[in-house]
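With the working numbering applied, the sequence shown covers 858 to 1231.
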Amino acid sequence: MHYDYLIVGAGLFGAVFANEMKKAGKTCLCIDKRRHIAGNIYTEKIRGIDVHRYGAHIFHTSDKKIWDYINGFGEFNNYVNSPMAVYGDEIYNLPFNMNTFSKMWNIKTPEEAKKIIESQKSKENVENPKNLEEQALKLVGRDVYEKLIKDYTEKQWGRPCNALPSFIIKRLPVRFTYDNNYFNDRYQGIPVGGYTKIIEKMFEGTKVCLNEEFRSFMKKTTDTFGKILYTGMIDEYFDHRFGSLEYRSLEFKEEDLPEVQNYQGCAVVNYTKSDVPYTRIIEHKHFTFGKDEEGNDAEGTVITKEYSKQWQEGDEPYYPVNNEENNALYEKYRELSEKEKNVIFGGRLGMYKYLDMDKIIGEALSLAHKELQY
Ligand code: UDP
């Protein structure tokens, strides 16, 4: 059979692209090497609890068109991400806001907090921050940096904060209000019934073949394809010919606790001190306020401890490490990819970019519309 597109990877990028193509009357076949669709936003039910199998995913965007688009595939709840941070025997609210500052310094007003941060900042030479450490010191001063940023970031990225790009920390709001919302975006929520359901809906009318690795599939298939959309690692596609790009990988240790109703009182708790080996614990039931899809109380709880590590052959890649060296190397692959006539690269791995879900949707929609010449 002939298909207009072969989509490699059944994650969010591939699903949005497939859906747009189907609406335009084009045919796609999608393959994925995993045993399930939805890539890293895959959720699976345990006693009615949607378990985020590849780490917490909270949908947030300020783009109304993207919010309306995703809501077309399922309902979202009104979850607002308000993680906690544990540092030794202390516990703080995130992101950095008046609740954090008042607890750290026993103060009440924004003026008091600003004064402390300003005085800490003046002791550092950080007017033009060149790396994450300097950026963080400039934003919140030494105390917050030492307790809530330094070790967490170094655990997550496996390198010192002064060797990391500053944009990573700019993802986090700093507020002088008592507001624990982790995101500044206008719209936020978790899909009722889980992300997998949303992706299933996007793939309606598109054939998806699971447990299919790209190269072995290409060797055996008798189907033909107009073009390929590749959402895997771009350096792997080109056999690492210029060298390997760096990725961070994650390891998840899940614990099913049928006897425990409420383990930590919050969906996400970050462990910001280096003596704890994991970066965070997710308690999945709190993403849906302890309820299952029908609105009944979920029984027991499921928690996941998340460990960060350097990606090696055989691991799942999660985060591109977008420092200068890797970005320069990616640029070489990107130039090469332009010569690959009928192959398009998309998604976090194909584009080597730390993209949130809303940005992935935006990129996939614009690619589809470019292909369709809208
Ligand atoms: N961060 C931090 N302390 C925290 C949470 C986040 O310093 O408790 C910083 C850290 O530099 C991290 C970045 O914010 O790399 C993004 O973290 P987040 O956990 O939001 O990233 P995600 O994995 O959810 O995309």
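Every residue gets a Cβ at the ideal spot worked out from N, C-alpha and C, and that includes glycine.
Residue i beta carbon near the ligand UDP (any heavy atom closer than 8 Å)
i       : result
Ala1225 : no
Trp1014 : yes
Ala1020 : no
Ile1217 : no
Thr957  : no
Gly1100 : no
Gly945  : no
Thr1129 : yes
Ala867  : no
Arg1028 : yes
Ile1006 : yes
Gly912  : yes
Ile1139 : no
Tyr1190 : no
Tyr1052 : no
Residue i, DSSP secondary structure in three states
i       : result
Glu1112 : strand
Phe1046 : Per the sequence presented here, residue 1046 reads as Gly, with Phe not at that position. Reduced to three states, the DSSP call for Gly1046 is strand.
Ile1139 : strand
Ile964  : coil
Ser1073 : helix
Lys1148 : strand
Leu1086 : strand
Asp1036 : coil
His1226 : helix
Asp1132 : coil
Tyr958  : Here residue 958 is Phe; the residue named in the question, Tyr, does not match the sequence. Residue state, collapsed to three classes: helix.
Phe916  : strand
Phe933  : strand
Met1208 : coil
Val1217 : Val is not the amino acid found at residue 1217; the sequence shown has Ile there. In the structure shown, Ile1217 sits in a helix (DSSP, three-state: H, G or I).
Gly1051 : coil
Tyr1009 : helix
Phe1024 : helix
Gln992  : helix
Val997  : helix
Identity of the residue in the options nearest residue i by Cα
i       : options                              : result
Lys1198 : His1141, Glu1151 and Leu1086         : Leu1086
Val1125 : Val908, Lys1166, Glu1070 and Gly1204 : Val908
Phe1033 : Leu1193, Glu1116, Lys965 and Lys1162 : Lys965
Leu1206 : Lys1196, Lys971 and Ser1106          : Ser1106
Gly1050 : Phe1071, Lys1148, Ile1218 and Lys978 : Lys1148
Thr1136 : Lys995, Glu1163, Leu1029 and Ala1155 : Glu1163
Thr884  : Cys1018, Tyr860 and Asn1183          : Tyr860
Tyr1211 : Tyr1104, Ile906 and Thr1145          : Tyr1104
Arg999  : Leu863, Pro952 and Glu981            : Glu981
Ile948  : Glu877, Tyr1039 and Tyr1128          : Tyr1128
Lys1058 : Pro1022, Thr1088, Ala875 and Phe916  : Ala875
Tyr1002 : Tyr1035, Asp1036, Phe1040 and Thr957 : Thr957
Lys972  : Glu991, Leu996 and Lys1054           : Leu996
Met1208 : Val1178, Ser1131 and Phe1082         : Val1178
Ile1138 : Phe1146, Gly1122 and Glu877          : Gly1122
Ile974  : Glu1181, Asn954 and Glu1173          : Asn954
Trp1014 : Asp1154, Trp1168, Arg904 and Asp1042 : Trp1168
Phe1060 : Cys887, Gly882 and Ala881            : Cys887
Phe1108 : Glu1173, Asp1080 and Glu1151         : The sequence given here places Glu at residue 1108; Phe does not occur at that position. Of Glu1173, Asp1080 and Glu1151, the residue nearest in Cα terms is Glu1173.
Cα-Cα separation between residue i and residue j, rounded to whole angstroms
i       : j       : result
Pro1048 : Phe1074 : 32 Å
Lys902  : Ala867  : 19 Å
Arg1016 : Tyr911  : 22 Å
Asp1008 : Glu969  : 26 Å
Lys1012 : Val943  : 14 Å
Leu1029 : Ala993  : 10 Å
Val819  : Ser1194 : Beyond the ends of the chain as shown, which are 858 and 1231, falls residue 819; an answer cannot be given.
Leu1067 : Arg891  : 6 Å
Tyr1052 : Pro1022 : 31 Å
Lys1084 : Thr1158 : 44 Å
Lys1076 : Phe930  : 35 Å
Lys1189 : Val937  : 40 Å
Lys1004 : Thr1078 : 54 Å
Ser1101 : Glu1116 : 45 Å
Ile1006 : Arg1072 : 41 Å
Asn1180 : Gly896  : 25 Å
For residue i: DSSP bridge partner residues
i       : result
Cys887  : Ile864 and Val1065
Ala942  : Tyr949 and Asn1127
Val1031 : Phe953
Thr1081 : His859
Ser1165 : Leu1107
Thr900  : His909
Tyr1176 : Arg1105
Val1200 : Ile1085
Val1159 : Asp1113
Phe874  : Answer is none; Phe874 lacks a bridge partner.
Asp1154 : Lys1148
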